[in-house]
Every structure is written in C-alpha cells, then in structure tokens.
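There are 2 protein chains.
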Amino acid sequence: MNIANYDSFLAIADPHRREILMMLSKEKLPMNSIADRFDISRPAISRHVRVLHATGFIDIEEKGRERICMLNQAGFNEIQDWMDHFEKYWISQLQSLDEFLKKNESINNKKE
Amino acid sequence: MNIANYDSFLAIADPHRREILMMLSKEKLPMNSIADRFDISRPAISRHVRVLHATGFIDIEEKGRERICMLNQAGFNEIQDWMDHFEKYWISQLQSLDEFLKKNESINNKKE
DNA sequence: ATAATATGTAACATTTGTGTTACACAAATA
DNA sequence: TATTTGTGTAACACAAATGTTACATATTAT
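First to last, the sequence lines map onto chains A and B. Each position in the first sequence, counted from 1, maps to that position plus 571 in our numbering. Each position in the second sequence, counted from 1, maps to that position plus 571 in our numbering.
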C-alpha cells in the first residue's frame, strides 16, 4: 500500500513495527542493525521503518552512508491524545459510581 | 480473518472501529443503532463489534433480542501499558537533557 | 399465528498489507 | 580504482482484512 495512507494507529498495528520501536527505546540503531535482529528480509524492515518515520514514530539521522533511527515523540502523542479522551470517560464513570454509592449509603442509613 | 488472531493494536487500527468506540464513549448503544450511523452494511459493523468485544474494548449486555454495547476498560489498558513504557523513555530523555544542560552550565561558568 | 425486529454468520469478491528477490547507487575501504 | 558496505525501491506473490449479499434464528408486537 501507499505509505501516505498509513496513520499512527495502523503504524503500531504491526508486531514487527512495535518490536522496532521497543528496540529503539533501548538504543539508537542504524537501519541494517535493526534488520539484523529480525528474521525477515532487510527490505521488509526498511519498509517498516519508512512507515514508522512517515507516521512520526521515528526520526532518522543521516550519517555518511548510514541512517541512524531513533524514537520521535510525535507519533506517540497522537495515540496518547486518543487514549486521553477515553481516560476522561473512565474517570467520569468512576464519579458516577461514587455518586451512586453515596446515594445508596444515605438510603441504607434511613433504613436503619 | 479469524477473530482469534486480532490483538488490541489491530483492533484500533481500523477507523470504523475507532469511530464505534468514540460513539460508545457518549452512550451505550444496541448493535443496530451503531450500524444505522454508518454507511457500511450492518454485517460489517457486526463484525467490527465482534472484534472490539474479543479484544476487550467492548462489553455486551443481552437484553431480550437486543445486544447493548458499552465500553470495557480492559482493551484500553493494554494500549496504555504499552504507551507507559515509552512515556518512561521520554522522561529519561528529558533527564539526560537536563543533566547535559547543567554540565554545560558549569563549563560556561568556568570560562567566565 | 403471523409479521416485524434485532440480530448472527457463511460465502464470496475486493482491497490492503506484508514479504521476497532482484537490482541500483552512493559512501567507505582496500 | 575496485570492492565492500549500507541503503532504497520496484515488481511480484501471497496473506490478511474488509465489505457485500443472502440466509438463518430468536424475540417481540399485532
């Protein structure tokens, strides 16, 4: 597929790509060192890195003929923003539960 | 594909499925009410909901012939745990930057 | 009892995503 | 300069994901 059609969510849907991100959270790595650690072909990894780069999860520093890959926060932020929306939902759910319990408590008190 | 092969990351990779989750963060909805709001077919939505349910993003309450869908935190937690790993990375990066700046500061002080 | 409603699912076509091999090229090394 | 190293990408095959239509079934309403 055309790389332009990928978004952050699709980018992290692939286990290989998540493994690449995990590796880069330990150390910066040049393209081929990443590929060496996988059992799939170098071109496949090259493409995965391209996807992660295009979606803002990876920065690439050109150093002679090498391309050093490192994490870029932008991609992660997109996911986190989305998660934050639902975080708010769970917090409001807890509040509703809390209110419910308090109401019940006062009813129970009346019964006694 | 077999639903058993889906994981949380793949579950939220599809825009329709993310839209379903967004809807359910506003209100609980029966299966068909969800489908009504999309321009794709009801069976397609049925499958999306099945995926979200299997991966722990949705709970389903059977109510007569209706199946009421609502959010379930479990799926979101899986994503958040993964995000937390990288959150730690960014914090440690900030610390490194901080240490670097402090070291530089003391060098600059010596120069003066 | 019949009809309408709310669903599930199989079969199939199509689209999308991933992997491979083969080839190209620039930078570093001998 | 010739070779090796680090990389990109096109072409293709295959696998996986998504959508559709058609049909089945259980519950509710008439």
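Glycine included, each C-beta is placed from N, C-alpha and C at the ideal position. Keep in mind that this is a model prediction, so the values were computed, not measured.
CB-CB length for residue i against residue j, believed under 8 Å
| i | j | result |
| --- | --- | --- |
| A/G646 | A/A582 | 7 Å |
| B/N643 | B/F657 | Actually they are not in contact, since the Cβ atoms of B/N643 and B/F657 sit about 24 Å apart, beyond 8 Å. |
| B/V622 | B/R588 | 7 Å |
Test item: CB-CB of residue i and residue j under 8 Å
| i | j | result |
| --- | --- | --- |
| A/I605 | A/C640 | yes |
| A/P601 | A/E637 | yes |
| A/Y660 | B/S596 | yes |
| B/I591 | B/H624 | no |
| A/R608 | A/M594 | yes |
| A/M654 | B/M654 | yes |
| A/T626 | A/S579 | yes |
Spatial distance of residue i from residue j (CA atoms)
| i | j | result |
| --- | --- | --- |
| B/K674 | A/E633 | 27 Å |
| A/E598 | B/P586 | 32 Å |
| B/E676 | B/Q664 | 18 Å |
| A/S537 | B/Y577 | No answer is possible for residue 537 of chain A: it lies beyond the span of chain A, which begins at 572 and ends at 683. |
| A/D631 | B/E670 | Asp is not the amino acid found at residue 631 of chain A; the sequence shown has Ile there. Between A/I631 and B/E670, the C-alpha separation is close to 24 Å. |
| B/D610 | B/N603 | 12 Å |
| A/P614 | A/I574 | 14 Å |
| B/D652 | A/L672 | 29 Å |
| B/Y678 | A/G635 | It is worth fixing the name first, because residue 678 of chain B is Ile in this sequence and not Tyr. Between B/I678 and A/G635, the C-alpha separation is close to 31 Å. |
Short-range partners of chain A found in the segment 639 to 673 of chain B, where Cβ spacing is below 9 Å:
Those residues of the segment 639 to 673 of chain B placed with their C-beta closer than 9 Å to a C-beta in chain A are L642, Q644, F647, I650, Q651, W653, M654, H656, F657, E658, K659, Y660, W661 and Q664, ordered along the chain.
Ranges of the alpha helix (DSSP H) found wholly within the segment 580 to 612 of chain A, counting only runs of at least 4
If we require 4 residues or more, the alpha helix (DSSP H) runs fully inside the segment 580 to 612 of chain A come out as 586 to 595 and 602 to 607.
Taking Cβ-Cβ distances below 7 Å as the criterion, which residues of the segment 590 to 613 of chain A are in contact with chain B?
Closer than 7 Å at the C-beta level to chain B, one finds these residues of the segment 590 to 613 of chain A: S596.
Where the segment 621 to 636 of chain A meets chain B: residues whose CB sits under 7 Å from a CB there:
Against chain B - using a Cβ distance shorter than 7 Å - the segment 621 to 636 of chain A contributes no residues.
Pick out the complete alpha helix (DSSP H) segments inside the segment 604 to 661 of chain B, 4 residues or longer, and give them in chain order.
The qualifying runs are 613 to 625.
Any residues in the segment 575 to 588 of chain B with a beta carbon nearer than 7 Å to a beta carbon of chain A? Which ones, in chain order?
Cβ contacts with chain A: F580, L581, I583 and A584.
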